[in-house]
Ligand SMILES: NC(=O)c1ccc[n+]([C@@H]2O[C@H](COP(=O)([O-])OP(=O)(O)OC[C@H]3O[C@@H](n4cnc5c(N)ncnc54)[C@H](OP(=O)(O)O)[C@@H]3O)[C@@H](O)[C@H]2O)c1
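Numbering (my numbering), first residue to last: 63 to 404.
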């Protein structure tokens, strides 16, 4: 897809400016100028099955609503029944006037608990005959150092190990539904951090929630590319993306000063969800696999030389580290479970 020279230049200037790109200014300019935002860049979602985590709030709620409005059957993972019921009712109400609204359902699991993730995947797989799109969206900044029951720092447990396990458990279903895709919602914050394996097991005394979050978001993008490499040829696309700076309950709670300062420049949840929804429906031939997206375009994974890994073996070591913590054999994790899910 080729942009006019003016549109390409505007996009490049925004991308270089960071603030211009991440705020609603970036979305407003790109959505008017770039051909990726034009008609005909998406395939119909009707008949597709989408599984998304974190649809009770913010970007995930907006994405689930748009996907259901487009006709997809949306199943979401939530950790509390009340919030799940409220989200389901909200999505149903918002999509009522859509031409062909898809079905909306949910299952319960806390991503900080791997046993709950396994039970959720088993329940979903028992009732689903296909999975076209898996979206790892749930996330949070944890201001204090906490550990999961397994002993992993909580950002790592819920946003790195749990999505890895969920992908592993459902990779067979994704393969049988090919062309299918796995979308990971990372963050532009990852640009500030290199891939740092030791930093994923941080010293509680020097723990900083924002740094930990950025490290995990960097690791998510690295793992998405590793999944792409290790499953090449199976018809499953892996796409990481960042939504920009978005006004959501999560960002307001975690970064109140930043939210106040950025104020009206923050994107709406709908704008933050736009590239997720687009990736879910775009022609897979144009997406490749293993790339990092923002505003419907592949973006560089590094902005500063200091964040580049000096060691080309680091992504593979990250894979092994995460697989082992998910209770999996790193050598076979990309193949999916050997037996039925239980
Ligand atoms: N907002 C931004 O500016 C921004 C920027 C970059 C990246 N992101 C990323 O975008 C994604 C969505 O964030 P958001 O801003 O929309 O935040 P949000 O409004 O706080 O929504 C987060 C969602 O994740 C769920 N969640 C969190 N921890 C979970 C766990 N352990 N188990 C199950 N569900 C869990 C929450 O469930 P509950 O309702 O139960 O809390 C909620 O549905 C995150 O991955 C975030 O890192 C956001």
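For glycine and all other residues, C-beta sits at the position ideal for the given N, C-alpha and C.
Residue pairing from DSSP leaves residue 187 without any beta-bridge partner.
Its chain contains no residue whose beta carbon lies nearer than 6 angstroms to that of residue 100 once the 5 sequence neighbours on both sides are disregarded. Residue burial annotation: residue 105 is exposed, with fewer than 16 other C-beta atoms found within 10 angstroms of its C-beta. In the DSSP assignment, residue 72 falls outside any beta strand (DSSP E) and within the unbroken alpha helix (DSSP H) covering 67-79. The residues 174, 204, 208, 209, 210, in chain order, have a CB closer than 7 angstroms to that of residue 216 in the same chain once the five nearest residues on each side in sequence are set aside. Take residue 166, set aside five residues on each side of it, and the residues of its chain with a beta-carbon closer than 7 angstroms to its own are 130, 136, 150, 153, 154, in chain order. According to the DSSP secondary-structure assignment, residue 303 is paired through a beta bridge with 247, 355. As a beta-bridge residue in DSSP terms, residue 344 pairs with 104.
Residue 197 is a Cβ neighbour of residue 338, given a cutoff of 8 angstroms.
Here the alpha carbon of residue 91 sits roughly 28 angstroms from the alpha carbon of residue 299.
In the same chain as residue 304, and ignoring 5 residues on each side of it, the C-beta atoms closer than 7 angstroms to its own belong to 248, 249, 250, 356, in chain order. Nearest to residue 127 by C-alpha distance, out of 186, 336, 378, 364, is 336. For residue 140, DSSP records a beta bridge to 170.
In this structure, the alpha-carbon of residue 295 lies about 38 angstroms from that of residue 313.
Each residue's CA atom was taken as its position, placing residue 257 and residue 286 some 13 angstroms apart.
In the structure shown, residue 127 adopts helical secondary structure according to DSSP, grouped into three states.
Taken atom to atom, the span from the alpha-carbon of residue 223 to that of residue 386 is near 9 angstroms. Cβ contact annotation for residue 82 (same chain, cutoff 6 angstroms, sequence separation greater than five): 76, 88, in chain order. In the DSSP assignment, residue 360 forms a beta bridge with 355. Of all C-beta pairs linking the segment 106-122 to the segment 182-200, three or more are shorter than 8 angstroms, placing the two stretches in contact. For residue 230, the enclosing alpha helix (DSSP H) begins and ends at 224-238.
At a threshold of 7 angstroms, residue 121 counts as near ligand 1, since its beta carbon sits closer than that to one of the ligand's heavy atoms. For the set 327, 322, 323, the Cα lying nearest the Cα of residue 306 is the one of 327.
Annotation for residue 308: no alpha helix (DSSP H) segment contains it, and DSSP assigns it neither H nor E.
Taking C-beta atoms under 8 angstroms as the contact rule, residue 329 and residue 309 qualify, at a distance of about 7 angstroms.
Every alpha helix (DSSP H) stretch that sits fully inside the segment 252-329 and reaches 4 residues is listed by chain position as 271-292, 311-316, 318-324. Leaving aside the five residues that flank residue 240 on each side, the residues in its chain whose CB is nearer than 7 angstroms to its CB run, in chain order, 296, 297, 298.
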